[in-house]
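S.K.: Chains as they are written, first to last, in this note's numbering: chain U, 57 to 814; chain L, 141 to 260.
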Amino acid sequence: MNKIIKNNTDKKTQELIIDGASCASCVGKIEVALRSIDGVDSAEMNFALRTVTVTGTVEIELLIKAVESIGYNAKSAEDKSDDELIDEKDIADQKYYKSLMRQVWIALGLGIPLMVYSLAGGPMTVDTSLERGVWFFIGILCAAIMYFSGKHFYIGAWKSFTNHTANMDTLIALGTGTAWIYSMVVVFFPMILPEMARHVYFEATAMIIGLIDLGLALEVKARGRTSEAIKRLIGLQAKTARVVRDVNGKPQEIDIAIEQVLLNDIVRVRPGEKISVDGIVIQGYTSIDESMLTGEPMPVEKSEEDEVVAGTLNKTGSILFKATRVGKDTALAQIINMVKRAQNSKPSIGRLADVISAYFVPVVMITSIVSALVWLNFGPDPAVAFAVVSATTVLIIACPCALGLATPMSVMVGVGKAAEAGVLIRNGEALQTASKITAMILDKTGTITEGAPKVTDVLIADESYSESYILKAASSLESGSEHPLAQAIVDSTIQSGIDPETVTDFNAIAGHGVQATFKGRELLFGNQKLMLKNGVPLMEFVEKAQKLADEAKTPMYLAIDKKLAAIIAVSDPIKADSVSAIKRLQANGIRVVMLTGDNKATANAVAKKVGITEVFAEVLPEDKSNKVAELQAQGEIVGMTGDGINDAPALALANVGFAIGTGTDVAIESADITLMRGSLHGLADAIAVSKATLRNIKQNLFGAFIYNVAGVPFAAGLLYPFFGLLLNPVIAGAAMAFSSLTVVTNANRLRFFKPQEH
Amino acid sequence: MMIINLIGLVLIALIVWWFWLYKPAKAVDASADNITVVVNNGIYQPSRIKVFEGKKTTLQFLRKDGSPCAATVLFPAFEISEELPLNANKTIELPSMLTGEYLFHCPMKMYTGTLIVEKE
Chain U
57 MNKIIKNNTD
67 KKTQELIIDG
77 ASCASCVGKI
87 EVALRSIDGV
97 DSAEMNFALR
107 TVTVTGTVEI
117 ELLIKAVESI
127 GYNAKSAEDK
137 SDDELIDEKD
147 IADQKYYKSL
157 MRQVWIALGL
167 GIPLMVYSLA
177 GGPMTVDTSL
187 ERGVWFFIGI
197 LCAAIMYFSG
207 KHFYIGAWKS
217 FTNHTANMDT
227 LIALGTGTAW
237 IYSMVVVFFP
247 MILPEMARHV
257 YFEATAMIIG
267 LIDLGLALEV
277 KARGRTSEAI
287 KRLIGLQAKT
297 ARVVRDVNGK
307 PQEIDIAIEQ
317 VLLNDIVRVR
327 PGEKISVDGI
337 VIQGYTSIDE
347 SMLTGEPMPV
357 EKSEEDEVVA
367 GTLNKTGSIL
377 FKATRVGKDT
387 ALAQIINMVK
397 RAQNSKPSIG
407 RLADVISAYF
417 VPVVMITSIV
427 SALVWLNFGP
437 DPAVAFAVVS
447 ATTVLIIACP
457 CALGLATPMS
467 VMVGVGKAAE
477 AGVLIRNGEA
487 LQTASKITAM
497 ILDKTGTITE
507 GAPKVTDVLI
517 ADESYSESYI
527 LKAASSLESG
537 SEHPLAQAIV
547 DSTIQSGIDP
557 ETVTDFNAIA
567 GHGVQATFKG
577 RELLFGNQKL
587 MLKNGVPLME
597 FVEKAQKLAD
607 EAKTPMYLAI
617 DKKLAAIIAV
627 SDPIKADSVS
637 AIKRLQANGI
647 RVVMLTGDNK
657 ATANAVAKKV
667 GITEVFAEVL
677 PEDKSNKVAE
687 LQAQGEIVGM
697 TGDGINDAPA
707 LALANVGFAI
717 GTGTDVAIES
727 ADITLMRGSL
737 HGLADAIAVS
747 KATLRNIKQN
757 LFGAFIYNVA
767 GVPFAAGLLY
777 PFFGLLLNPV
787 IAGAAMAFSS
797 LTVVTNANRL
807 RFFKPQEH
Chain L
141 MMIINLIGLV
151 LIALIVWWFW
161 LYKPAKAVDA
171 SADNITVVVN
181 NGIYQPSRIK
191 VFEGKKTTLQ
201 FLRKDGSPCA
211 ATVLFPAFEI
221 SEELPLNANK
231 TIELPSMLTG
241 EYLFHCPMKM
251 YTGTLIVEKE
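1) At 7 Å on the CB atoms, spell out the chain L contacts of L429/U, in chain order.
2) Is there a Cβ from chain U that is less than 8 Å from the Cβ of I183/L?
3) Kindly confirm or deny that the region 93–110 of chain U and the region 160–167 of chain U touch, where touching means at least three C-beta pairs closer than 8 Å.
4) Could you pull the DSSP bridge partners for I616/U from this structure?
5) For Y152/U, go through chain L and note every residue whose CB falls closer than 8 Å to its CB, in chain order.
6) If you draw a straight line from the C-alpha of T652/U to the C-alpha of K609/U, how long is it?
7) Start and end of the beta strand (DSSP E) containing N180/L?
8) Taking only beta-carbon atoms, is N682/U less than 8 Å away from chain L?
9) Using three-state DSSP, classify E363/U as helix, strand or coil.
10) For L255/L, would you say it is in contact with chain U, using Cβ-to-Cβ distances shorter than 8 Å as the test?
11) Would a C-beta distance cut-off of 8 Å place T494/U and I646/U closer than the cut-off?
12) So I526/U and A621/U are in contact, right, with Cβ under 8 Å, and what is the actual spacing, rounded?
13) Considering only C-alpha positions, which residue in the set I624/U, L586/U, S535/U and V648/U is nearest to L604/U?
14) How is the alpha helix (DSSP H) around F215/L delimited, first residue to last?
15) Assuming Q164/U and L292/U make a contact with CB atoms under 8 Å, what is their CB distance in whole Å?
16) For the candidate residues M237/L, L151/L, K259/L and L243/L, whose alpha-carbon lies nearest to that of S221/L?
17) In its own chain, which residues sit with a C-beta less than 8 Å from the C-beta of V768/U, not counting the 5 before and 5 after it?
18) My output table needs one value for V444/U: the three-state DSSP class, helix, strand or coil.
19) Determine the chain L residues that contact L676/U at a beta-carbon separation under 7 Å, and present them in chain order.
20) For S205/U versus I265/U, is the C-beta distance shorter than 8 Å?
21) Taking only beta carbons into account, state which residues of the region 186–202 of chain L come closer than 8 Å to chain U, listed in chain order.
22) Chain L beta carbons: is any one of them nearer than 8 Å to that of M202/U?
23) In this structure, how does DSSP classify R381/U when only helix, strand and coil are distinguished?
24) How about T226/U: is its Cβ closer than 7 Å to a heavy atom in the ligand FMN?
25) Which residues of chain L have a Cβ atom closer than 9 Å to the Cβ of K215/U, listed in chain order?
26) Name the chain B residues that come within less than 8 Å of N433/U, Cβ to Cβ?
27) Within the continuous beta strand (DSSP E) that includes A706/U, where are the two ends?
28) Shorter than 8 Å from the beta carbon of N63/U to some beta carbon of chain L?
29) Starting from R298/U and walking both ways along the beta strand (DSSP E), at which residues does that stretch end?
30) Could you name the residues of the same chain whose beta carbon sits closer than 7 Å to that of S332/U, not counting the 5 residues immediately before and after it, in chain order?
31) Can you give me the Cβ contacts of H568/U inside the same chain, cut-off strictly under 8 Å, excluding the 5 residues immediately before and after it?
32) Do I343/U and K330/U have their C-beta atoms closer together than 8 Å?
33) At 8 Å on the CB atoms, spell out the chain L contacts of H220/U, in chain order.
34) Going by DSSP, what residues sit across from R482/U in a beta bridge?
35) Nearest chain L C-beta to S401/U closer than 8 Å, yes or no?
36) Along chain L, in chain order, which residues have C-beta atoms closer than 9 Å to that of K145/U?
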């Protein structure tokens with residue numbers, strides 16, 4: 057062998073996960089293939105875990121290629137999971153946020169006292185040598201702040217300048233830079249300027265840098281929350297799985313990491329454990345809580361040939377299932393991916409301040425030069441001073457300080473206002489978009505309805521029994537049952553003050569119902585099949601049961617001593633205020649659409665009750681987002697309201713996603729807005745607050761922009777020939793402060809807004 | 141005075157030319173090698189990338205700038221929107237394109253770049 061001898065420090069131990077190795081003879085083949093690579097010292101395969109540990113100096117890509125060349129698939133066991141990648145991103149964002157906040161405090165630490173001093177009427181002029189010394193010292197402090205807190209603006213401005221573009225950085229750098237240079241000229245050479253212009257603007261420099269850094273920091277913070285939804289979804293996945301694999305020739309159950317589960321592996325799930333990957337049950341019987349995936353609160357019974365889905369919770373039995381989809385192919389992994397994509401594909405509304413800056417900056421620069429030239433040529437004495445003052449004032453007043461404040465201030469107040477109404481808004485963009493919603497999609501279960509089934513009707517068939525006796529008998533019987541509807545009956549009766557008692561000879565008949573002896577009487581409780589099987593005559597009650605079924609209820613028969621005693625119906629009731637809330641939306645001209653995975657009969661019955669005419673029933677989880685896209689393609693601005701994990705992709709894709717606060721965490725994290733009260737009135741409230749906020753933002757933008765637009769020609773001296781008016785930098789600075797004040801005051805006006813009473 | 145006026149006019153002409161009229165000729169050829177676009181200090185580097193018509197292209201993005209806008213890159217013509225992790229490579233696959241110039245930028249258009257698609 058012609059092995060390359062390398063320094064020992066290059067040696068490393070690497071682990072590969074092998075896919076496709078189904079027989080023990082593969083082990084030798086894979087080990088030999090790896091060992092024959094120059095630089096590999098040892099390669100040992102653990103067949104049970106399907107992993108190979110390789111020691112040597114060879115890069116992992118080469119090892120993977122070698123395994124692939126003999127017909128197997130391999131990947132590095134150290135490939136970072138989504139979980140780790142998100143954690144890394146969060147840490148990086150956190151670090152950036154902290155460093156920005158440090159910069160903010162330092163800049164505002166100087167800026168705020170100076171601003172207060174200036175607003176309180178303190179002289180910002182340089183007349184005496186003491187003032188000169190003090191201002192010189194402050195100027196140096198200010199330069200240190202420009203370096204420490206504002207370095208990125210100057211580098212960004214320079215880089216974008218060399219790239220032939222101008223942006224926000226350019227404006228900030230020009231504005232603060234000019235203010236500082238002008239102020240330093242005032243400190244060193246006050247005599248070259250007219251007396252009225254000997255004013256320093258160090259506070260403007262420090263405040264602008266501090267405020268803009270603060271804006272950046274808040275944005276970083278807000279953005280970090282978007283990965284929460286993904287994190288929670290990933291948290292739903294089981295970390296390990298118990299698979300049946302050959303160890304020393306004998307099949308054994310071993311616990312392995314979820315990433316190592318292969319297609320067709322046999323997986324064991326015990327009660328209380330999460331399903332690790334998607335598969336088909338091959339042995340056992342259980343009920344599985346799929347509510348986190350479907351939003352449906354009732355556990356689903358599973359036996360052989362039934363599908364199980366990763367992330368759902370096994371409740372009662374122990375099952376064996378065959379893995380049919382693993383890794384990135386599981387339904388949960390695909391939902392995670394869909395949410396990620398939808399979050400990224402959300403169109404971002406361009407901000408006025410940034411859209412205009414590309415044209416604004418060069419225009420301002422030219423205006424500044426033109427005004428200087430005009431003053432030099434035609435201005436009265438001292439022409440040079442006038443030229444410098446007007447050129448600088450143009451640059452200072454052009455810095456869009458209040459323009460940057462206009463939107464965030466209104467959004468901040470609007471979000472606070474909405475929170476008072478129990479509406480939590482995730483980001484400013486959602487607040488802005490909510491007012492433009494033209495179509496609202498409502499999920500049924502848990503959104504329009506309560507989401508928890510309850511006993512709705514008790515029809516007595518045999519008058520010799522009272523309703524409380526019937527309920528007591530039914531709940532006593534059901535307290536021993538694992539049937540999904542049983543819990544609804546037990547909970548409902550306990551709530552009405554009836555406690556279940558113990559029954560004997562309990563027997564659950566799969567697919568039919570239950571049977572037991574209660575106080576010496578034989579009870580049967582279940583569906584029509586159970587009654588027919590036991591020869592219980594149902595007579596006209598079949599029709600009554602059908603009527604209940606038509607109303608989206610599940611009827612169950614109770615027979616005592618083989619005689620029909622009552623029908624108990626269970627259903628998911630409609631929330632008390634759903635009807636009025638939906639009316640309020642429709643009154644706003646919004647097209648309301650209902651979307652549900654439930655069957656058509658139940659969906660139509662519910663829709664009719666709440667006054668919705670457009671219904672999509674039996675919609676698969678993956679199709680919910682398609683419906684959103686479909687409405688968007690029709691030109692609608694779509695709001696989506698839901699509570700389950702299955703709603704998450706649709707919530708993320710919709711222009712605005714609304715989650716019900718009582719719903720799953722994943723839905724809440726995927727949505728832009730959360731309705732804490734669970735009432736649909738929150739939707740109309742959110743839209744009302746959004747409209748008021750948007751109006752406020754427009755007023756603010758006008759208020760802020762008018763200072764820049766009107767201020768620039770004024771600063772250039774356009775009014776001087778007619779009225780003898782010239783905006784000096786003092787006024788420019790005051791105008792800037794005043795425009796910020798206008799914006800803050802106007803935004804605060806929003807606090808008095810009340811969403812429509814209901 | 142004439143000189144000062146002249147300097148002023150030249151400055152204005154320079155601004156107009158620099159920001160509006162200047163069309164950079166240099167474009168980095170993406171077909172030769174894997175190109176890494178560095179996102180830092182307000183610009184994409186390189187910002188003009190040449191690719192061939194009808195070929196799928198893979199671009200690597202490396203974001204060094206923490207600013208929120210830099211965190212997402214959009215290729216509006218191809219409906220691509222990708223989040224760029226800080227200080228880590230992100231691979232973006234572009235579909236095969238027709239001859240022409242296509243912009244890519246951050247959501248606020250502070251960072252802009254151009255894809256120049258040419259016939260081979």
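Here a beta-carbon is modelled for each residue, glycine too, at the ideal position from N, C-alpha and C.
M.R.: Looking at the coordinates:
1) N145 and G148
2) yes
3) no
4) L579/U and K619/U
5) G206 and L226
6) 16 Å
7) I175 to N180
8) no
9) strand
10) no
11) yes
12) 6 Å
13) I624/U
14) Not the alpha helix (DSSP H): F215/L falls in the beta strand (DSSP E), residues T212 to F215.
15) With the sequence shown as reference, residue 164/U is identified as Leu, and Gln is not the correct amino acid for it. At roughly 42 Å, the Cβ-Cβ gap does not stay under 8 Å, so L164/U and L292/U are not in contact.
16) L243/L
17) V420, T423, V450, I453 and A454
18) helix
19) By Cβ distance, chain L contributes nothing, its closest Cβ being about 24 Å from L676/U, past 7 Å.
20) yes
21) S187
22) no
23) strand
24) Because no ligand of any kind appears in the structure shown, any question about the ligand FMN cannot be addressed here.
25) N180, N181, G182, I183 and Q185
26) No chain B is part of this structure, whose protein chains are labelled U and L.
27) Element bounds for A706/U: not the beta strand (DSSP E) but the alpha helix (DSSP H), A704 to L709.
28) Low confidence applies here, because N63/U scores a pLDDT of 41, under 50, leaving its location unreliable; read the following figure in that light. Answer no: the Cβ-Cβ gap between N63/U and chain L never drops below 8 Å.
29) T296 to V303
30) A294, A297, I314, V317, V323 and A366
31) G582, N583, K585, L586 and K589
32) According to the sequence provided, residue 343/U is Ser. The question's Ile does not apply to it. The answer is no: Cβ separation not under 8 Å.
33) W158, F159, Y162 and P164
34) DSSP lists no partner for R482/U.
35) Reliability fails at S401/U, whose pLDDT of 41 lies under 50, so the model's placement of it is uncertain and no value is given.
36) E223, P225, L226 and A228
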